[in-house]
Every structure is written in C-alpha cells, then in structure tokens.
Amino acid sequence: MPRGSWLSYLRAQAGAEIPAGLRLIVGAVSGAALSLSYTGLYLSIYSWFCIGILLFSLFGARSRVACGCGFLHGFLFVLTSVPWIATVLTVHGGLSLAGGWGLLLLMATTWGILTGAFAWAVHRVFLQSIDVACLGAPFIWVTFEFVRAHLPEISFPWNLLGYPAAANLGLVQLTTITGIYGLSFLVAC
Numbered sequence: 119m120p121r122g123s124w125l126s127y128l129r130a131q132a133g134a135e136i137p138a139g140l141r142l143i144v145g146a147v148s149g150a151a152l153s154l155s156y157t158g159l160y161l162s163i164y165s166w167f168c169i170g171i172l173l174f175s176l177f178g179a180r181s182r183v184a185c186g187c188g189f190l191h192g193f194l195f196v197l198t199s200v201p202w203i204a205t206v207l208t209v210h211g212g213l214s215l216a217g218g219w220g221l222l223l224l225m226a227t228t229w230g231i232l233t234g235a236f237a238w239a240v241h242r243v244f245l246q247s248i249d250v251a252c253l254g255a256p257f258i259w260v261t262f263e264f265v266r267a268h269l270p271e272i273s274f275p276w277n278l279l280g281y282p283a284a285a286n287l288g289l290v291q292l293t294t295i296t297g298i299y300g301l302s303f304l305v306a307c
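Residue numbers (the working numbering): 119 to 307.
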C-alpha cells in the first residue's frame with residue numbers, strides 16, 4: 119500500500135464514473151426498499167435512507183439517467199408498496215384482473231413520472247451547486263408530493279414520505295404544526 123491515507127482510496131478518481139446502468143439499479147432498488155417502511159413491521163429507518171440513496175445516484179449523472187433513476191424509484195415503490203390496489207379494484211370495483219393491474223400500472227407510471235421530475239429538478243440544481251441541491255431537495259420533494267396528493271382523478275395521498283416517521287412519538291408531534299408535509303420534509307432532509 120503506497121503512502122497516504124487509506125481514505126484516499128474511497129475518493130472518486132478523476133475520470134471515474136458510475137455506470138448509468140448501476141445508477142438505474144440503485145434508483146430502482148431504493149424505491150423498492152422504501153416500500154419496506156410502509157409494512158406493518160414499522161421499519162421506518164428505510165424511509166430515512168432511501169431518499170438519500172436516490173440522491174446519491176443522481177449526483178454526477180446525466181440528466182436522462184437522473185430522470186430514469188427517479189422514474190424507476192417511484193414506479194417500483196408503488197408496485198411494491200400498494201399492490202393490493204389491483205385486487206381491490208378487481209374485487210370491489212368490478213374491473214377485470216387485467217383492468218385492475220392496468221390501473222395500478224397507470225398509477226405507478228404517474229408516480230414514476232413525478233419522482234422522475236423530482237430527480238431531474240434536483241439534478242439540474244446539482245449542476246449549479248451540490249450544497250444548494252442538498253438544501254433544496256426536501257423543498258422539491260414536498261412540492262412533488264403535494265402535487266401527487268392533489269392530482270385530479272388519481273389524487274392519492276397514501277404512502278407519503280412522512281407516514282413511516284409516525285412510529286416515533288416525538289416526531290409525530292411536529293405534524294400538529296406542519297402537517298404531514300412537514301414530516302416528509304424532515305425525512306427528506
């Protein structure tokens with residue numbers, strides 16, 4: 119081992135770039151892992167890390183790759199966190215099985231587009247300054263979360279980022295002042 123700090127091996131080398139495919143995989147896995155926060159097991163710790171992992175996959179990526187990471191994150195999050203919607207639409211909504219799954223895929227695509235727009239916006243800010251991107255990401259996240267919860271026809275305010283934090287009694291007190299979006303902001307920080 120040459121002289122120098124062992125930490126120097128952890129720093130990115132000039133010209134070293136994370137492949138786009140790996141970034142897309144990281145974005146997809148972070149979205150699927152985020153759904154573990156919404157299970158009955160109260161694994162809310164995932165919600166605190168998965169957005170950070172998504173942001174890590176965006177920094178230094180090309181715009182299209184960043185948007186793709188966000189899309190896959192949102193798409194797989196919906197498919198893994200609320201797959202029961204297809205069954206409910208089939209059993210109680212009178213739709214066929216294909217119709218129920220088709221509507222779930224439409225919802226997942228919509229959420230993927232909004233999360234992709236979040237990723238693209240954070241990436242564009244990152245091109246100016248990483249500090250501003252890190253500070254602005256929670257504001258951008260809550261904005262798109264609010265839009266997602268109030269879209270006509272498919273407004274769906276379930277599985278907002280602040281919901282898993284409700285397992286912590288100290289944090290849930292914040293919602294009396296800020297509502298669920300304040301808790302989402304805190305988790306996105």
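Yeah, the Cβ is synthetic: ideal placement off N, Cα and C, and Gly gets one too.
* Asked: Run through DSSP, which three-state label would PRO275 get?
  -> When secondary structure is reduced to three states using DSSP, PRO275 falls in the coil class, being assigned neither helix nor strand.
* Helix, strand or coil at ILE136 according to DSSP, with G and I counted as helix -> Three-state result, ILE136: coil.
* What are the uninterrupted segments assigned as beta strand (DSSP E) that are 3 or more residues long and contained completely in the segment 187-248, given in chain order? -> Taken in chain order, the segment 187-248 contains no complete beta strand (DSSP E) segment of 3 residues or longer.
* Neighbour-count burial assignment, GLY297, 16 or more Cβ in a 10 Å radius -> With fewer than 16 other Cβ atoms within 10 Å, it is exposed.
* Within 8 Å, strictly: CB atoms of PHE257 and GLY230 -> No. Outside cutoff.
* Beta-carbon proximity of THR293 to LEU301, cut-off 8 Å -> The Cβ atoms of THR293 and LEU301 lie closer than 8 Å to each other.
* Would you grab the beta carbon distance between ASN277 and SER181 for me? Rounded to a whole angstrom, and I think it's under 8 Å. => Contact flag wrong, Cβ pair sits at about 27 Å.
* To do: Drop a sphere of 10 angstroms on the beta-carbon of LEU245, count the other beta-carbons inside from all chains shown, and report buried for 16 or more, exposed for fewer.
  => The residue in question, LEU245, is exposed, as its Cβ has fewer than 16 Cβ neighbours within 10 Å.
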